[in-house]
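Participant: Residue numbers (my numbering): 678 to 1042.
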Amino acid sequence: MRPAPHVPEVPEAQGVATPPMSATPRRRARTGTGEDEALRGYWRLVGRHYRWNVGVNALQGATALFSMALFMPETVLTAYMTTLTDSKLLIGLPWALSLFYWSFSALFYTRKIESCRQRMGVTQALSAPTRLAFTLMAASAWVAGYGPVVAIVVFFIGEALLTLTGGGAAVSWQDLLGRVFPPSKRGWAFGMREGFGHLSGFCGTAFMLWYLKGRGHDPQSYMWPFTVGAIVYWLSLVALWMTREPRWPYEAPKLPPRRQYYADMFSVLRTNANFRTYVVVKCLIASTAIFNFGLFVPYAIEHFGVSQAFAAGVFSAIALAGRICAAPIAGRLADRKGLKVPLLTGLTLVAGLLCVGLSLEYFAA
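1. Determine whether the beta carbon atoms of residue 912 and residue 898 lie at a separation below 8 Å.
2. I'd like to check one pair, residue 904 with residue 990: are the Cβ atoms closer than 8 Å?
3. Quick one: give me the first and last residue of the alpha helix (DSSP H) that residue 780 is part of.
4. Measuring straight from C-alpha to C-alpha, what distance separates residue 755 and residue 852?
5. Given a cut-off of 8 Å, decide if residue 978 and residue 762 are closer than it, judged by their beta-carbon atoms.
6. Check the C-beta distance from residue 835 over to residue 810 and give it rounded, since I have them as a contact under 8 Å.
7. With a threshold of 6 Å on Cβ separation, who are the neighbours of residue 941 within its own chain once the five nearest residues in sequence on each side are excluded?
8. Whose C-alpha, out of 982, 865, 784, 753, is nearest the C-alpha of residue 935?
9. In angstroms with no decimal places, state the Cα-to-Cα distance between residue 706 and residue 715.
10. By Cβ distance below 6 Å, which residues in the same chain neighbour residue 926 in space, the five residues on each side in sequence not counted?
11. Is the separation between the beta-carbon of residue 794 and that of residue 928 shorter than 8 Å?
12. Report whether the distance from the Cβ of residue 844 to the nearest heavy atom of the ligand MG is below 7 Å.
13. Pull up the CB-CB distance for residue 821 and residue 828, whole angstroms please, since I reckon it's below 8 Å.
14. Could you check which residue in 943, 933, 909 has the C-alpha nearest to that of residue 739?
15. So, helix, strand or coil for residue 1026, using DSSP?
16. State the Cα-Cα distance for the pair residue 1010 and residue 1019, rounded to the nearest angstrom.
17. Have a look at residue 788 and residue 1035 and give me their C-alpha separation to the nearest angstrom.
18. Short check: CB of residue 812 to CB of residue 907, under 8 Å?
19. Mind reading off the beta-carbon distance from residue 992 to residue 840? Whole number of angstroms is fine, and I expect it under 8 Å.
20. Just confirm the distance between the C-beta atoms of residue 997 and residue 879, as a whole number of angstroms; I'd bet it's less than 8 Å.
21. Only counting runs of 4 or more residues, tell me where the alpha helix (DSSP H) segments fall wholly within the region 835 to 922, in order along the chain.
22. My guess is that residue 847 and residue 779 are in contact by the Cβ rule of under 8 Å, so how many angstroms apart are they, rounded?
23. So, are the CB atoms of residue 748 and residue 963 less than 8 Å apart?
24. What does the alpha-carbon distance come out to for the pair residue 698 and residue 949?
25. Is it buried or exposed for residue 790, if we count other Cβ within 10 angstroms and need 16 for buried?
26. Report buried or exposed for residue 733, applying the criterion of at least 16 other Cβ atoms within 10 angstroms of its Cβ.
27. Are the CB atoms of residue 731 and residue 869 within a distance shorter than 8 Å?
28. Taking only the alpha-carbon atoms, compute the straight-line gap between residue 736 and residue 857 and give it to the nearest angstrom.
29. Assign residue 985 to one of two classes, buried (16 or more other C-beta atoms within 10 Å of its C-beta) or exposed (fewer than that).
30. Please state the DSSP three-state secondary structure of residue 929.
31. Pick from 937, 773, 864: whose alpha carbon is nearest that of residue 837?
32. Do residue 1001 and residue 875 count as a contact pair if the criterion is CB distance below 8 Å?
33. In three-state DSSP terms, what is residue 1031?
34. If you drop the 5 nearest sequence neighbours on each side, which residues of the same chain put their C-beta closer than 8 Å to that of residue 649?
35. What number of angstroms, rounded off, separates the C-alpha of residue 918 from the C-alpha of residue 798?
36. Specify, as a first and last residue, the run of the alpha helix (DSSP H) that residue 791 falls within.
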């Protein structure tokens, strides 16, 4: 069987949403060749497994987003860090790093992902280290009894592992879903996942609020919420394994040498001024995040006497509700006005909220 021609991808880490590789050959399905018949047979198998894959994808979303609610960086992790240190740098760092988790490291995994004929195996391999990262974060609460320095070191080892591997796991997972859902039905599949996922996320925040209620300002108060989150996140991998991926009809493409591959990828930054500006702005936002929303929760705890339970539970629920409300609005704006409008609207709202944050001291006086 002749291998499919190589079609370079722009990875999600560069901020551009592109169709999975599996969608590319589909556009050639009307040429009437024998290979196109094989591809049509592939999509018939995908349609046969559609209901099953929608179900396990919804299950995977419910378990994964339940766990993410227990590790929400802008609320839970920043509140947790206040129990270990007074350093504003360390307290805000989890939120800043979270903006790189699922994107930055994708640059270093795209070649490996493209070289695999099937997506399931590489997705499983890249997803395991991300689960280990959250397990290390949970372990930091267990070892806090040996001193805050030990807990901080273990915690940021987990953060570093997640930053180095999360992007690869995210891109391979997205490509896998592109292989197992028909293009005309992907919206419904993702909608089901997000619906069940956000519902379970609220359950996670409720559990966090219930467990921390009445507990003191102690890092070991987070032992069991973090442990439950890590265990459930590992269980979400089981749902991922249950996904049915038919055998892809093309051989893996022959890729250029590694040096040339990455040189071609980074040449986009040199040749595309708009994209270069977008990347620079995104990096600026991420690099300054440590001193904006990452400090809202610690400020509330320190100056307004907000409890750990309220900060980690209620604030997380509010943040989750904000995401649920903002997503369809931003999507509608993007459909009508283009992607630039919701991006600028979001930045304007962020600037306004930061101004509110700067004025809190005045109103509290």
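C-beta atoms are modelled at their ideal positions from N, C-alpha and C, and glycine is treated no differently.
Facilitator: Based on what the coordinates show:
1. In this structure, residue 898 does not lie closer than 8 Å to residue 912 by Cβ.
2. no
3. Careful: residue 780 lies outside any alpha helix (DSSP H) and carries neither H nor E.
4. Looking at the backbone, the Cα of residue 755 and that of residue 852 are separated by about 32 Å.
5. no
6. 5 Å
7. Excluding sequence neighbours, residue 941 sits near nothing in its chain.
8. 784
9. With a pLDDT of only 42 at residue 706, under 50, the local geometry of the prediction cannot be trusted, and the value read off the model is given with reservation. Going from the Cα of residue 706 to the Cα of residue 715 covers about 9 Å.
10. 715, 716, 719
11. Yes, the pair counts as a contact, with Cβ atoms nearer than the cut-off.
12. Annotation note on the ligand MG: not contained in the displayed structure, which lists no ligands.
13. 4 Å
14. 909
15. Residue state for residue 1026 is assigned as helix, using DSSP reduced to three classes.
16. Rounded to the nearest angstrom, the two C-alpha atoms are 6 Å apart.
17. 44 Å
18. yes
19. In fact, because the Cβ distance is near 23 Å, the residues do not count as touching under 8 Å.
20. 6 Å
21. 863 to 889, 900 to 918
22. 4 Å
23. no
24. With a pLDDT of 42 at residue 698, under the threshold of 50, the predicted position of this residue should be treated as unreliable, though the coordinate-derived value follows. Using only the alpha carbons, I get a separation of about 22 Å.
25. buried
26. buried
27. Yes, the pair counts as a contact, with Cβ atoms nearer than the cut-off.
28. Distance between the alpha carbons of residue 736 and residue 857 is about 15 Å.
29. Here residue 985 is buried: its Cβ has 16 or more other Cβ atoms, across all protein chains shown, within 10 Å.
30. coil
31. 773
32. yes
33. Helix.
34. Residue 649 lies beyond the range of the chain shown here (678 to 1042); nothing can be said about it.
35. 9 Å
36. 787 to 791
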